[in-house]
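Worksheet for the structure shown next.
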Amino acid sequence: MNGTARSLAFADGGRPLLSFGGDGHVYHWDLFSGGIFNVYNREEFLEGKKKPKKVIKNLTTEVDFLTFNHDAQILAISSSKKKNRLKLIYVPSFTVFSNWPYVNHFRYHHRCLDFSPGGGFMAMGNAEGKVLLYKLHHYQRA
186 MNGTARSLAF
196 ADGGRPLLSF
206 GGDGHVYHWD
216 LFSGGIFNVY
226 NREEFLEGKK
236 KPKKVIKNLT
246 TEVDFLTFNH
256 DAQILAISSS
266 KKKNRLKLIY
276 VPSFTVFSNW
286 PYVNHFRYHH
296 RCLDFSPGGG
306 FMAMGNAEGK
316 VLLYKLHHYQ
326 RA
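Structure, rendered in C-alpha cells:
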C-alpha cells in the first residue's frame, strides 16, 4: 500500500485479504500461497490478470498473521508454523528489510504483533508467553 490503511476485509472464505488505503487503491493480498506472499493490483486482478504486482518469497511456511504500522509503510508478516518466521516489508517498494531480524534472532513461534500508534515501537508476543518490545528509530513518536 502506498497510503494509510483505512480498511481490511477477508474475502472468498478467508483466502485473500483486501485492503483499502488513503491512496484510493484497493490491494489484494494472497495469504495462502505456501510462504510466498503475492501482492496484486485489485483492478487488474478482477479483470482476470492474475500476475502479481510483487512476489515476496521470504517465508517458507504460510502467512498466518499480518499487520501494518500507523502510516502503512511497514507491513509485518509472520507464520506461527515454525520458529523465526517474521519479516518486515517496506510497502512503497515492496522490499523486505534485510537487516531485521538478523539470522536466528527469534527462537520462538510468533503469535501476535502490533505497532505503537506513533510507530516508534513494535511489540511481539510469542508462544513462550513473552512479549518482546523493539524501538524503531526511524519514527520519533511512540
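Count the sequence shown with our numbering and you get residues 186 to 327, in order.
For each residue, glycine too, the CB sits at the ideal point set by N, CA and C.
Asked, Found
"Delimiting residues of the alpha helix (DSSP H) encompassing Arg-292", "Premise fails: Arg-292 is in no alpha helix (DSSP H) and is neither H nor E."
"Test item: CB-CB of Lys-268 and Asn-243 under 8 Å", "no"
"Buried versus exposed call for Ser-192 [16 or more other C-beta atoms within 10 Å across all chains shown]", "exposed"
"Every unbroken beta strand (DSSP E) within the region 213 to 294, with a cutoff of 3 residues, ordered by chain", "222 to 226, 239 to 241, 250 to 253, 259 to 263 and 271 to 275"
"C-beta atoms of Ala-190 and Phe-253 nearer than 8 Å", "yes"
"Length of the line joining the Cα atoms of Val-316 and Gly-207", "31 Å"
"8 Å CB neighbourhood of Gly-303 in its chain, flanking five on each side removed", "His-255, Tyr-324, Gln-325, Arg-326 and Ala-327"
"Cβ-based neighbour list, Phe-205, same chain, cut-off 7 Å, excluding 5 preceding and 5 following", "Arg-191, Ser-192 and Val-211"
"Asp-208 (DSSP reduced to helix, strand or coil)", "coil"
"Pairwise C-alpha distance: Glu-232 and Glu-313", "45 Å"
"CB of Ser-264 within 8 Å of CB of Thr-280, strictly", "no"
"Neighbourhood of Ala-196 by C-beta, 6 Å cutoff - its chain only, sequence neighbours within 5 removed", "Leu-203"
"Sub-8 Å separation of Lys-238 and Val-224 beta-carbons", "yes"
"Given Phe-222 as reference, the closest of Arg-292, Phe-306, Val-240 and Glu-228 once Cα atoms are compared", "Val-240"
"Spatial distance of Leu-298 from Gly-305 (CA atoms)", "14 Å"
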